[in-house]
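Numbering (the numbering used here), first residue to last: 428 to 661.
See below:
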């Protein structure tokens, strides 16, 4: 399937596609959970479970640790916690990170069609770079923006707007792929179209996803590169 309009169609500008990374392109949440669990254990927190972790999917690492520090009464400064979690995560991610198969196919189709792409994530810049490198996605998406580089993380639109600026794209010509409600809210606030692929199935009915142009309510099991390609010019 071609991504571009047929010869009889009116010319349309190429869309610019911005991917969230964790839970959207790659299944990194297990690594983030394990890094967080190990980090909190260092400070005496022994009961941090997966359900607790899912509260923070789609939220930047700094914002997550700021909340957890307050909730668990941890005295260490956020910068210390951030450095510790990033180091743990980089070790885990470098050992094993899986790309969702249909997402890889979608990226490859976009690349072949010359569609500009970027990653905009709440992860650290080092973590984004490491994951893109270990998965081979850096060959297709060399441009990425971390929430570290902007004033506010998701659900604020800053990271998406910065990605668009670096691509030289108007927000209205950008399509965001997101797995979490805060990211969908950020895309909407940025004035961008959103394809939502919920990582946590129970969030599919979240009001933030109501603004998505495409909602794959079944998550990655429902997402197909074919449907996403069709949606670009929907």
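The beta-carbon is built from N, C-alpha and C at its ideal position, and this holds for glycine as well.
> Apart from the five residues on each side of it in sequence, which residues of its chain come closer than 7 angstroms, Cβ to Cβ, to residue 652?
Replying inline: Taking the first residue of the chain shown as position 1, residue 652 is located at position 225. These residues qualify, in order along the chain: 529, 532, 533 and 536.
>> Tell me the rounded alpha-carbon separation between residue 662 and residue 568.
In response: Outside the shown range of the chain, which is 428 to 661, sits residue 662, and nothing can be said about it.
> According to the Cβ coordinates, are residue 587 and residue 619 closer than 9 angstroms?
Replying inline: Counting from 1 along the chain shown, the entry for residue 587 is found at position 160. Counting from 1 along the chain shown, the entry for residue 619 is found at position 192. Residue 587 is a Cβ neighbour of residue 619, given a cutoff of 9 angstroms.
>> For residue 633 and residue 451, which I take to be in contact (beta-carbon distance under 8 angstroms), what is that distance rounded to the nearest angstrom?
In response: Within the chain shown, numbered from 1, the residue matching residue 633 stands at position 206. Within the chain shown, numbered from 1, the residue matching residue 451 stands at position 24. Not really, about 15 angstroms apart at Cβ, beyond 8 angstroms.
>> For residue 566, tell me which candidate among 573, 574 and 557 has the shortest Cα-Cα distance.
In response: Residue 566 sits at position 139 when you count from the first residue of the chain shown. Here the closest residue by C-alpha is 557.
>> For residue 604 and residue 520, what's the separation of their Cα atoms in angstroms?
In response: In the chain shown, the residue the question calls residue 604 occupies position 177. In the chain shown, the residue the question calls residue 520 occupies position 93. Computed Cα separation, rounded: 21 angstroms.
> By DSSP, does residue 571 sit in helix, in strand, or in coil?
Replying inline: Numbered from 1 along the chain shown, position 144 holds the residue referred to as residue 571. DSSP places residue 571 in the strand class (E or B) of the three-state scheme.
> Taking the continuous alpha helix (DSSP H) assigned at residue 602, which residues delimit it?
Replying inline: Here residue 602 refers to the residue found at position 175 when the chain shown is read from its first residue. Taken as a continuous stretch (DSSP letters only), residue 602 belongs to no alpha helix (DSSP H), being part of the beta strand (DSSP E) at 601-605.
> residue 481 and residue 550: beta carbons closer than 9 angstroms?
Replying inline: Residue 481 sits at position 54 when you count from the first residue of the chain shown. Residue 550 sits at position 123 when you count from the first residue of the chain shown. Taking 9 angstroms as the cut-off, the beta carbon of residue 481 is found no closer than this to the beta carbon of residue 550.
> Does the region 466-477 come within contact of the region 492-509, defined as at least 3 CB pairs closer than 8 angstroms?
Replying inline: The region 466-477 is in contact with the region 492-509.
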